[in-house]
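If you read the protein sequences in the order shown, they are chains A, B, C and D. In terms of our numbering, the first sequence has 236 at position 125, counting the first letter as 1, and numbering is strictly consecutive. In terms of our numbering, the second sequence has 242 at position 197, counting the first letter as 1, and numbering is strictly consecutive. In terms of our numbering, the third sequence has 57 at position 56, counting the first letter as 1, and numbering is strictly consecutive. In terms of our numbering, the fourth sequence has 437 at position 344, counting the first letter as 1, and numbering is strictly consecutive. Note that beta-carbon positions come from the ideal geometry of N, C-alpha and C, so glycine has one too.
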Amino acid sequence: MFDTNNPLLIAGAQFLGIFLAFNAVLVLTAYLSLVERRVLAVMQGRLGPNRVGWFGLLQPLADGIKFIFKEDIAPDKATKFIYILAPFIAIISALMTLIVYPFGPVVTLPFSETFFGAPVTFPMTVARMDVALLYVLAVTSVGVYAIALAGWSSNSKYSLMGGLRSAAQMISYELSLGLSLIGVILMSGTLDLFSIAEQQGGWFGMKWNIFFQPLGFFVYLISAIAETNRVPFDLPEAETELVAGFHTEYSAMKFALFFIAEYVNMTTVSMLAATLFLGGFQGPFVAEFPILGPFYFVAKVFFFLFLYIWLRGTLPRFRFDQLMNFGWKFLLPVALLNIILTATIAVFFYSR
Amino acid sequence: MIIADLFQTLIWIVLAGLAIGSGVAMVVQRNPLYAAISLIGVFISFAGFYLLLGAPFIAAVQVIVYAGAIMVLVVFVIMLLNVEEEVRKPLRLKFLIPAAIFGAAILFAQAAFIIYSVGASPVRVPNADAANSQIGLTKSIGTGLFTDYLLPFEITSILILMAIVGAITLARRPTVLLLVEEDYDGKKHVERRTLKIDNI
Amino acid sequence: MTPQLSWYLALSAVMFTIGVAGVILKRNAISMFMCIELMLNSVNLTFVAFSSFFNNLNGQLFVFIVMAVAAAEAAVGLGIIIALFRNRESLDVDDANLLKL
Amino acid sequence: MTNHWLSLIVAAPLIGAVINWLVGRRVRSEAFIGFVACASIGVSTVIAFILAFTDNNGAGAALFSEPARPVMSHLWTWMEVGNFRADVGFAMDRLSGIYVCFVTFVGLLIHIFATGYMHGDKSYYRFFAYLNLFMFMMLTLVLGDNLLLMFVGWEGVGLCSYLLIGYYVDRKEAGDAAKKAFIANRVGDWGVILGIMFVFFITAAAGAPSISFFEKTDLTNLVGNQVPAMTNAFATIATMAVDPFTINALIAGGLTSAAILLFIGATGKSAQIPLFVWLPDAMAGPTPVSALIHAATMVTAGVYMIVRCSELYVRAPTAMAIIAVIGAATALLAATIGLAQNDIKKVLAYSTVSQLGYMMLACGVGAFSAAIFHVMTHAFFKALLFLGSGSVIHGMHHEQDMRRMGGLKKYMPITFATMLTGWLAISGIPIFAGFWSKDEILYKTFSTQSNSFGLILWFVGLCTAVITAIYMTRLMVMTFWGTERFAEAHAGGQGDEAHAQAFADKKTTAHDAQTATIDDRQHHSPDEHVGAATSHASHQVHAVHDEHDDEDAHEHHGLAHGQKPHESPLVMTLPLIILAVLSVFGGLLGAPYALSLGAIDNPFHHTLEPVIAHEPNFVGGAANGADDAHGSPATTETHSAPVSANEHEGVPHGEGATAAHTPEEIFTERVLAGVSILLAAFGIGLGWTYFQRRPLAQMPRLLENKYYVDEIYDATIIEPIKDGSRVGLWRILDVGVIDGIVNGVGTVAREAGNGARQLQPGFVRSYAAIILLGALLVIGYFAAALAR
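Here it is as structure tokens:
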């Protein structure tokens with residue numbers, strides 16, 4: 112009845128997937144902000160937002176309405192085009208990576224045999240790419256522009272400082288981030304995230320890469336936090352020094368875009384960590400009940416997100432030179448060491 | 046399939062328009078930062094071309110290397126140096142004008158000739174079967190790089206090492222020398238002397 | 002009607018020419034540098050197009066190496082630009098006409 | 094036969110020179126310097142005499158070994174290019190043996206004399222270093238076993254002559270004279286070096302390229318290795334036919350060309366027409382130098398070379414004729430000039446030129462042994478005369494003008510006595526050395542058959558002999574007899590400029606350092622030795638001038654009022670005495686058969702006979718009995734049969750020579766000897782009677798001004814060259830052409846650079862544009878290639 116290989120059908124399905132993923136993540140980030148505020152409040156012995164809705168559950172909605180209706184002020188001397196472009200780059204680059212993450216294993220569409228005459232199976236990912244991991248790195252690397260350009264175009268000292276810091280920091284930590292992934296790539300022999308997740312299905316769904324790549328995981332985690340400009344690496348928006356860093360001059364929806372982009376970035380980075388090191392959707396009984404996969408995946412992502420909030424509540428901020436020294440003189444060598452170790456072991460034990 | 050082909054062509058035209066538009070903008074813009082952003086546009090559209098041509102690996106690397114690394118550095122430098130817009134200056138080398146006209150004429154003539162020759166050429170180029178091609182995949186590129194192209198690959202790595210050393214040497218902070226002299230009274234004179242890159 | 006090889010070649014020629022024009026017309030060192038990158042990229046495009054249309058890997062491998070060289074060039078080039086700026090307080094290449102830094 | 098002691102003869106003076114130069118200048122002890130100088134020459138002298146006269150190691154004395162073999166010492170091969178080879182090696186055969194003996198011996202005597210003469214000189218060490226260096230060079234010249242090494246010595250003596258003539262560095266005339274000597278010698282030297290090349294090419298054309306004087310076989314070098322064999326260049330030349338006088342032969346580089354070119358060198362070194370002008374001026378040097386270099390040794394180098402190359406000359410009769418004519422002309426010309434000179438050293442200088450002319454005349458008529466004999470006797474009596482004049486000058490406190498002398502025999506008896514023998518010797522009075530040699534030359538000239546104008550040459554020689562007797566008599570009369578004119582104030586006196594300079598300086602400045610240097614150079618103050626004629630203190634230390642010198646300073650020099658001449662010290666008179674003895678008896682060595690009444694048969698001639706060549710077509714005559722040692726089968730066809738027989742039977746040369754003394758020849762010789770004795774006596778008598786009465790007679794102005802030769806040279810050669818250089822070479826060639834070319838090249842380069850500069854303005858964008866143009870061209874080329 113339907114040709115499952117019809118490109119239009121495939122395109123439609125992919126659009127559907129993208130829509131679902133984007134909205135899910137946006138909702139997730141909205142509530143993530145609430146969670147963060149509540150958790151921080153608990154850590155600091157206070158209540159946090161609890162007025163709007165039950166337990167404050169409608170707070171993100173209220174925030175959104177506020178953002179939309181606030182006056183959009185742009186500095187007079189700003190470079191307008193870039194000033195407007197920057198938040199869009201931020202949100203686009205943040206969201207674009209979502210399409211390659213494997214949310215779950217290969218599943219069969221329920222009742223598809225009844226409707227289509229043959230079971231329709233598909234992996235629970237929007238686009239399964241040969242170079243998915245590179246795609247992630249590529250898109251996130253574009254995200255630097257958002258901060259740098261925002262800082263520059265605002266025509267403000269604080270913004271510029273924030274932008275410059277951000278650019279320097281992200282360039283520096285992108286290096287160790289990328290290198291930390293090479294260990295995993297060496298083990299799995301592919302850049303396809305879905306394949307990487309699939310390969311971690313042994314050992315009763317617990318053959319996670321973190322057991323083989325503790326060093327890589329460690330480096331990745333730290334670099335990822337730095338990449339997302341989160342505490343303790345939040346120098347680009349250090350309130351105490353730069354007012355609000357690169358987005359000092361932004362307000363209303365443009366600020367909201369930066370805000371959302373940051374939380375989306377947190378989420379996607381957590382997804383990548385979960386996929387690469389914690390087995391992604393893999394877990395006990397996933398092989399038997401594939402529908403368990405997304406839950407495992409979301410649980411792992413939430414674990415990382417909680418970790419972010421936890422760190423924010425716990426750690427002080429780095430000084431800039433400490434940041435640079437740490438990145439170049441500690442993380443980078445450790446990542447290189449990890450690569451060498453992995454490659455050596457791979458040559459001896461995995462040589463095919 | 047016709048729709049898919051049409052869609053592909055449409056994308057091509059859009060990307061080409063983006064590329065040419067960004068390219069022209071890059072040359073026309075006198076603010077270097079705008080030029081840089083235009084160039085990023087060119088790079089990204091080129092990445093799209095690579096995807097169309099069935100070379101996802103190259104496309105990804107294009108974005109990572111050009112957009113993610115090189116242009117970030119460029120933007121960083123532009124911001125760091127706070128580069129002003131180019132100021133119009135009187136043309137100092139008058140002979141460039143006839144040279145440019147001459148060169149352009151030759152270029153057009155050659156282009157026309159080449160287009161004519163290609164049109165007349167009996168060689169038929171196969172259509173790209175991008176969808177089923179294994180050429181652009183990571184594995185084939187990795188195999189190629191580490192077998193046939195191992196030597197160029199290693200040479201490239203040495204080149205990059207040299208570039209790193211060179212960049213550090215060029216851009217490092219001026220070394221400050223403290224020259225201490227003692228005169229007859231035993232009084233010390235301290236002179237600060239900056240050792241700049243161009244003094245080395 | 003899918004994109005033909007000649008389309009890519011023509012596009013790449015146009016981009017290359019734009020780059021050449023930029024190198025000659027621009028006086029800002031960074032702009033010139035970017036125009037050179039543009040020229041490199043247009044050549045890359047032909048490589049990939051040929052590689053794809055002739056079903057041959059070599060073009061893409063070459064592009065990879067070109068990119069590595071471009072990265073090296075960027076590192077050194079920007080270092081030189083910074084050194085130039087330190088000495089001349091200007092990025093105008095016409096101010097740096099003494100054939101020494 | 095190898096004997097490396099030979100090298101020490103050459104090396105000893107060099108060592109002495111080096112010691113004097115490096116050590117002597119610091120020691121500053123005249124005793125040390127004099128000892129080193131004399132000892133080094135003494136070593137050479139002793140070894141030379143041992144090698145020449147004793148049977149060293151059974152190898153035979155160099156002078157008397159039968160058959161005549163040279164003593165050789167090969168040190169190393171100097172250069173070897175293609176088939177050209179020049180060794181640094183020394184050889185003593187009979188010719189160089191005689192030469193070395195009298196050079197070293199006379200040199201030794203002059204060195205001893207000079208220790209006295211130069212006493213008190215500021216640059217004592219320099220003088221003796223130069224003098225030793227000269228001896229080294231002279232011995233290299235004489236002992237060098239090939240033409241090129243001989244040329245090294247040839248140039249070396251020229252250099253030392255330059256250094257010693259210009260020894261008084263603060264006197265302009267000395268410097269000018271030194272330069273004149275140097276340049277005149279250079280003119281000759283191009284001839285020598287071209288001649289050497291010609292000899293090489295001639296021998297190479299004959300298939301045995303060589304410039305060696307000797308055949309080298311079975312020699313060992315210093316470390317005992319075998320020396321590669323070497324052929325004798327002149328043995329090769331001896332195989333050649335006589336060179337006819339044609340333009341082609343001259344241009345093509347025949348034997349005549351080589352001979353004439355070498356003779357051009359000889360005219361420079363031996364002061365013949367036209368290059369004789371330097372020798373009289375060379376008297377600006379110290380008197381021992383004049384004695385050693387410009388009378389006894391160096392100037393005879395030309396004669397030595399011609400005799401050494403006699404094998405070449407006998408095959409170039411045209412060259413021989415030229416030599417004879419030039420020699421005779423020089424003899425007469427110089428003698429007439431000598432007649433009119435008032436400077437005692439100038440008279441002797443022209444006398445030397447004249448006597449050298451005699452030697453050349455002898456060479457020219459083929460009487461090589463007579464030439465060498467005259468060289469030797471001349472060395473004795475001319476050295477004696479020069480040293481005697483030096484003694485007179487010394488005694489007269491640097492007065493050289495004979496018009497201010499007179500009556501000196503009372504004050505300087507030893508000098509007078511010795512100079513008397515020299516006078517008689519040069520005048521040709523029998524028994525004295527000059528008689529034998531001069532007479533033999535005249536006889537050989539008279540009897541020569543090598544050219545058709547022998548009688549004319551003989552007549553010229555005879556005239557010269559008379560004039561020689563006259564001017565020598567004039568010299569003696571003006572100096573030793575007559576009134577004592579040194580006491581009178583005499584305007585226009587010539588003298589030692591240095592002395593005058595000293596006084597001039599003393600007049601104006603106090604005893605500062607500058608004056609002291611000049612004081613040091615002159616060796617006595619005007620007032621010392623007053624009345625000390627009998628003082629023979631050889632190493633008397635003279636006080637530096639005292640204050641009262643200033644009042645004695647006057648514009649002229651020589652003896653102050655009331656001063657008397659004094660006899661020289663023993664170191665100066667002793668060499669005089671020895672040389673006087675030699676002047677008296679030295680000639681007996683070469684007494685010919687006829688004149689010795691058969692008692693001896695010219696042993697000198699017989700000693701030299703094996704090493705000098707004879708004209709191949711010269712049949713009969715006194716010189717012909719013997720064959721030369723280098724005779725080769727190819728030459729025998731030109732010889733008479735008995736001679737060939739003699740050679741093959743190994744008959745001693747003396748017998749062959751004795752057999753040639755026919756009664757007619759003996760009679761001729763005796764008659765000619767009588768004639769020359771009569772003429773000598775006539776000359777002496779004429780001179781005595783005329784100059785005894787008028788010692789200050791005005792001589793013809795033409796002669797006094799030396800025939801205006803210098804002026805003629807100035808006008809015809811020097812001034813045109815100067816003008817040509819200034820106008821032609823400088824203004825036109827140098828400024829116009831060469832500078833024009835250079836500036837033109839520079840202008841072209843600059844303009845081209847200006848054009849090319851537009852391509853390299855330093856603007857990066859223009860480079861980019863040019864690169865683009867180049868790229869377009871390349872694309873165009875490929876597009877065109879595609880179109881084909």
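Alpha carbon to alpha carbon, how far is residue j from residue i? Give it in angstroms, no decimals.
i                : j                : result
VAL247 (chain A) : PRO325 (chain A) : 21 Å
MET207 (chain A) : SER223 (chain A) : 29 Å
GLY457 (chain D) : GLU758 (chain D) : 21 Å
GLN791 (chain D) : PRO106 (chain D) : 45 Å
PHE52 (chain B)  : PHE415 (chain A) : 40 Å
THR386 (chain A) : PRO405 (chain A) : 11 Å
ILE419 (chain D) : PRO321 (chain D) : 41 Å
ALA76 (chain C)  : SER90 (chain B)  : 24 Å
ILE58 (chain B)  : ILE65 (chain B)  : 10 Å
ARG296 (chain A) : PHE315 (chain A) : Reading off the sequence, residue 296 (chain A) comes out as Ile, not Arg. About 22 Å.
GLY246 (chain D) : GLY767 (chain D) : 41 Å
ALA518 (chain D) : TRP171 (chain D) : 43 Å
GLU797 (chain D) : GLY431 (chain D) : 8 Å
SER676 (chain D) : VAL664 (chain D) : 19 Å
So the beta strand (DSSP E) residue i belongs to, where does it begin and stop?
i                : result
PRO234 (chain A) : 232-235
PRO216 (chain A) : 215-219
VAL136 (chain A) : VAL136 (chain A) -> not in any beta strand (DSSP E); alpha helix (DSSP H) instead, spanning 118-154.
ALA184 (chain D) : 177-185
Taking DSSP as the reference, what is the three-state secondary structure of residue i?
i                : result
PHE392 (chain A) : coil
HIS699 (chain D) : helix
LYS309 (chain D) : strand
TRP171 (chain D) : strand
ASN96 (chain D)  : coil
PHE320 (chain A) : Correcting the residue identity first, residue 320 (chain A) is Asn in this sequence and not Phe. Correct three-state label for ASN320 (chain A): helix.
SER43 (chain C)  : helix
MET207 (chain A) : helix
Assuming contact is defined by CB atoms lying nearer than 7 Å, are residue i and residue j in contact in what I supplied?
i                : j                : result
ASP96 (chain C)  : ARG89 (chain C)  : yes
PHE473 (chain D) : LEU672 (chain D) : yes
LEU346 (chain A) : LEU302 (chain A) : no
GLY317 (chain D) : SER363 (chain D) : no
SER291 (chain A) : ALA152 (chain A) : no
For residue i, count neighbouring Cβ atoms within 10 angstroms of its own Cβ and tell me buried if that reaches 16, exposed if not.
i                : result
ARG162 (chain A) : exposed
LYS27 (chain C)  : buried
The alpha helix (DSSP H) with residue i in it runs from where to where?
i                : result
ALA80 (chain B)  : 77-97
ASP432 (chain A) : 431-436
ARG276 (chain A) : 268-299
LYS815 (chain D) : 812-816
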